[in-house]
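Remember, the numbering used here sits 486 above the position in the sequence shown when you count from 1.
By construction, the Cβ of each residue, glycine as well, lies at the ideal position given by its N, Cα and C atoms.
These numbers come from a predicted model, not from an experiment.
Working notes, structure below.
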Amino acid sequence: MAIGYRSIMSIEDSQDAVKIASSQARSWLRKKFPDSFSESWVEVGLHRISERATLAVVQVADERDQSVRQLIKLTENNNAGTWVVRITSSSLPNARGLKQSVMVELDKVDASVEEAVIDAKPPAVVKLLLEACRISDHETELSPTPTLVRGGESAEVIRAILDPHRGCHVVVGLSPGGVPDQSWTDAILGLTKDSIGVTSSFAVSTDAVEELLAELPSTHSIPRGGVRTFAPRVDFEDPSDSVRHRVLTPATFARSIRNGRVGGYLPSVHAETARRSLVEAELPTEIRRSTELLWRDEARLMRTAAAQQRRAERKSTPLETDVSLQALPEKIGKQLYSTLTKLFKKWLPSSELSPENVQRLDEAIEQTRDEYQVATDQIEHFLLERRAVGIELEQLRKDRDEAELAAALEADEAREVKYQVRTLEYRLRELDRADQTIIGPEDPAFDAPSNIQELIDRITEGSDSPIYKYIRFTGSASDALEIDKRDALGRIAGKLWDYTMVLFDYAESRMNEQFSGSVHAYLTEGPADGRKCSSQRHAARESTTTMSNPKLVRERTFPVPARVNADQEVPMMAHFRPTHSDTFAPRMHYYDDVEGSGMIYIGYIGRHLSNSKTN
């Protein structure tokens, strides 16, 4: 079982978090199960809702510090798998930190954290909680809808961005102008619908744009019509900090809006980084303590319920004896009789040797045996979960090692490029041409995209990017956007953009008859003024084993226009590889048709495809 969503909500100290959570959980369950809802469901105990759903309610109270902790846990099986929603509320009036809090988590059973985070959506109860009272993440308010920011109100946005203790992400969208405030707010709402409870969003109206931009340093600025998501712990004083706070460009955002609604994969991809951040973060001390106490009581509740279920299924029959219990002393002797009475006294309220007490003792033994078996099953389950966590931890270590290797390779490439630049600058100065070492900024149209969605938008039909002149994307957007879910800082998107620019310059040099070879030859022999990358990052073809396997060739066959091939698809064996290792190992497969249509078609961007080594 893996957590795919987590929202931690702080409620005002004057409120009672447990009562609020109970009330909103009741409303949520009533809407979710209208035909079978019962008020008793929010009472302590285990409740059978349907064949596919159960509800467990546990409460721990301590009169010494007046604390109350409650867990409401819904387990439901549907076509998408088995999901667990946990609502953990804590009313701790004497605590130093969070006094009144609610945490909502969504788990997916038999899934990795990666799968759970990708598949999870905010449970509907989160919206009900946010609507019920004022909720915040430290000093940053969480609300079910974006806050509209008008002139004179930009200070609220800056406070949220710079809140040093918040764990949520802050989403800020600047109106492009000429758009009604309500329409712009609705657009930001559509973008953040999958991150409710883990983001605090602001829709900045036209009359507040200049005011807000004046408060932001240029490194952390936001384009008009664009959206920026600020991760926790923003540092305006550190220019390099800006890399952590991703920008959704106006063009990409505008393309995702159809009939006033944000559609496609963008809301899910946009929400993923914020959800992952809170899932991976350490829990506050007060909430961690609450989960530990409630977990113990929940395990006890489940153990008792499972033992009762076993007994009910076994249908035990009363013990029968043809020996009069009153005659036992004469038949078995006083010593044994005394031993039996002591046994009864030890385990039963009464030491009397009666048929009722014999039956009670038998039932007690059965109950103990059942609870022991259930406890054994629970232990085995937890050991399996621990093993799964260990395997995932080991995989994370491997991913870290592979990331460090990739970083080392990139550092080597960067040092080589710097050496070449220094050498060329030195030679130009030797030739008394130092003025040619001054290089102005690149055309903004060629700036690297901050994510895969933006990259795809630049090379898809309807694009006004100059790259679209020679480059077309014909592949699956969902395969490509999977990279965004794993590339929080846009590093891979930047690499793939570099390769796209290599293909663009290659195509242009071919069309201008400056070069006549292949892409791989261009990387080693092409014109000096064209963009290039290390030839180690490019594969002109797949291995012989892969190319001789029809199944693997089919997997590498992607769409092209009919003018390229009547079948409207061709095998694309040539590809770029931004990383040589990594279990995900993204790839970009393309087809060079410069000699024919004058275009290069990128048919696939996504995880490494199957090969002869794939298990």
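For residue 1031, the enclosing alpha helix (DSSP H) begins and ends at 1030-1033. Residue burial is scored here from C-beta neighbours: residue 495 has at least 16 other C-beta atoms within 10 angstroms and is therefore classed as buried.
Going by beta carbons, residue 650 and residue 687 fall outside the 7 Å limit. Taking 7 Å as the cut-off, the Cβ atoms of residue 530 and residue 543 count as close.
Residue 514 sits buried, since 16 or more C-beta atoms from the chains shown fall within 10 Å of its C-beta. Within the model, the alpha-carbon separation for residue 614 versus residue 1096 is close to 44 Å. Bounds of any alpha helix (DSSP H) do not take in residue 606, whose DSSP letter is neither H nor E.
For residue 787, the three-state secondary structure derived from DSSP is helix. For residue 987, the uninterrupted alpha helix (DSSP H) segment begins and ends at 977-997. Of the other Cβ atoms in all chains shown, 16 or more fall within 10 Å of the Cβ of residue 685; this residue is therefore buried. The criterion of a C-beta distance shorter than 7 Å is not satisfied by residue 592 and residue 612.
Using a 10 angstroms sphere on the CB of residue 1061, the tally of other CB atoms reaches 16 or more, which defines it as buried. Residue 720 and residue 647 do touch by the CB rule: their CB atoms are close to 5 Å apart, below 8 Å. A straight line joining the alpha-carbon of residue 509 with that of residue 1063 spans about 53 Å.
The beta carbon of residue 1020 sits closer than 7 Å to the beta carbons of 899 from its chain, once the five residues preceding and following it are set aside; these are given in chain order. Collapsing the DSSP output to three states places residue 945 in coil. For residue 930, the secondary structure class from DSSP, reduced to helix, strand or coil, is helix.
Per the coordinates, the alpha-carbon of residue 547 lies some 18 Å from the alpha-carbon of residue 583. Residue pairing for residue 756: DSSP places it in no beta bridge. For the pair residue 617 and residue 609, the CB atoms are not nearer than the 7 Å cut-off. In summary, residue 782 is exposed, with fewer than 16 beta-carbon neighbours lying within 10 Å of its beta-carbon over all protein chains present. Here residue 595 is near residue 568, since their CB atoms are less than 7 Å apart. In terms of CA proximity to residue 755, 732 leads the group 643, 638, 732 and 981. In this structure, residue 914 sits away from residue 906, with a CB-CB distance that is not shorter than 7 Å.
Between residue 969 and residue 957, the C-beta spacing is not below 7 Å. Every alpha helix (DSSP H) stretch that sits fully inside the region 489-541 and reaches 4 residues is listed by chain position as 503-518. In the displayed model, residue 840 falls within coil according to three-state DSSP, outside both helix and strand. Residue 603 is a Cβ neighbour of residue 761, given a cutoff of 7 Å. Residue environment analysis places residue 1046 among the buried positions, since at least 16 neighbouring C-beta atoms fall within 10 angstroms of its C-beta.
Sixteen is the threshold: when 16 or more other Cβ atoms of the shown chains lie within 10 Å of the Cβ of residue 992, as they do, the residue is buried.
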